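Sequential numbering from 43 applies to the sequence shown in my numbering.
Yeah, the Cβ is synthetic: ideal placement off N, Cα and C, and Gly gets one too.
Nothing here was measured: the structure is a model prediction, and the numbers come from that model.
In what follows, a structure is listed as structure tokens, so that the remarks can point back to it.
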Amino acid sequence: MIDLNDKQAISAIDKSNAYSSVINLAKQCQQAWDDTQKIIFPQDYKDVDSIVLCGMGGSAYAALIIKALYANSLTVPFELVNGYNLPNYVNNKTLVLLSSYSGSTEEVLNCGKEALLRNAKITGVCNGLALGEFFKTNNLPGYIFEATHNPANQPRLGQGYMIFGHIGLLTKIGLLDV
């Protein structure tokens, strides 16, 4: 049996650096918080009557955490979408959060395109690729992180970026008080 205090023994079997990503969770959270507080949002991003987070798999986890921790302090409805389409009520008074660690989740990208057509306020969290380009091309204030504290480069081990990225965005906009 392996001694969990023996870093050399762990390193010998942990070829993907999962251990390093796990012990760096706090650094992921801090990096995401610090980075999101530097993002500048248009003033009208505060003026919403609902929030919709679009994400699949582990990228949807941030919505579950936010709903569990802040259910009593959110002042507008907060909904999670796990699919290709936004709810019919999404409009220019809706904040749509696009959540994709990889930045290539097609369901999230489709929701982003729908949100744009409906003039929704759009932001989100990703590690680049197509979603990062979507933010840049459409001049949207998204958080595109560099996963320096996730050496395993596995999305499930980068939850600090995803969870605190979304909490940071909502706080910076003024929709969440933490």
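Exercise for review: Taking 7 Å as the cut-off, decide whether the C-beta atoms of Leu95 and Ser62 are in contact.
Suggested key: Walking along the sequence shown from the start, residue 95 turns up at place 53. Walking along the sequence shown from the start, residue 62 turns up at place 20. No, the pair does not count as a contact, with Cβ atoms beyond the cut-off.
**Study point:** Residue burial classification, Ala54 (beta-carbon count within 10 angstroms, cutoff 16)
**Key:** Counted from its first residue, the sequence shown places residue 54 at position 12. The residue in question, Ala54, is exposed, as its Cβ has fewer than 16 Cβ neighbours within 10 Å.
Check your understanding: What residue does the alpha helix (DSSP H) around Phe83 start on, and which one ends it?
Key -> Stepping through the sequence shown from its first residue, residue 83 is reached at position 41. Taken as a continuous stretch (DSSP letters only), Phe83 belongs to no alpha helix (DSSP H), as it is neither H nor E.
Point to revise | Cβ-Cβ separation, Ile205 to Tyr103 (assumed contact under 8 Å), whole Å | key: Reading the sequence shown from its first residue, position 61 is the one you call residue 103. Reading the sequence shown from its first residue, position 163 is the one you call residue 205. Their Cβ separation, rounded to whole angstroms, is 7 Å, which keeps Tyr103 and Ile205 in contact under 8 Å.
Check your understanding: Relative to the alpha-carbon of Leu218, which residue among Asn130, Phe120, Cys153 has its alpha-carbon at the smallest distance?
Key -> To locate residue 218, count along the sequence shown from 1; it is residue 176. Ranking Asn130, Phe120, Cys153 by Cα distance to Leu218 puts Phe120 first.
**Study point:** Spatial distance of Ile31 from Ala68 (CA atoms)
**Key:** Only positions 43 to 220 of the chain appear in the structure, and residue 31 is not among them; the question remains open.
Check your understanding: Between Met98 and Thr136, is the Cβ-Cβ spacing less than 7 Å?
Key -> Taking the first residue of the sequence shown as 1, we reach residue 98 at position 56. Taking the first residue of the sequence shown as 1, we reach residue 136 at position 94. For Met98 and Thr136, no; Cβs fall outside 7 Å.
Review point. Around the C-beta of Gln201, are 16 or more other C-beta atoms found within 10 angstroms, so that it is buried, or is it exposed?
Key: Walking along the sequence shown from the start, residue 201 turns up at place 159. Classification of Gln201: buried, given that the 10 Å Cβ count is 16 or more.
Check your understanding: Since Ile164 is in the beta strand (DSSP E), which residue starts that stretch and which ends it?
Key -> Position 122 of the sequence shown, counting from 1, holds the residue named residue 164. Its beta strand (DSSP E) spans residues 163-168.
**Study point:** Phe176 - containing alpha helix (DSSP H), residue span
**Key:** For this step, residue 176 is matched to residue 134 along the sequence shown. Per DSSP, Phe176 belongs to the alpha helix (DSSP H) from 171-179.
Point to revise | Straight-line gap, Lys57 to Gly184 (C-alpha atoms, nearest Å) | key: As a first step, residue 57 is located in the sequence shown; it is residue number 15 there, counting from the start. As a first step, residue 184 is located in the sequence shown; it is residue number 142 there, counting from the start. When rounded, the distance between both Cα atoms is 32 Å.
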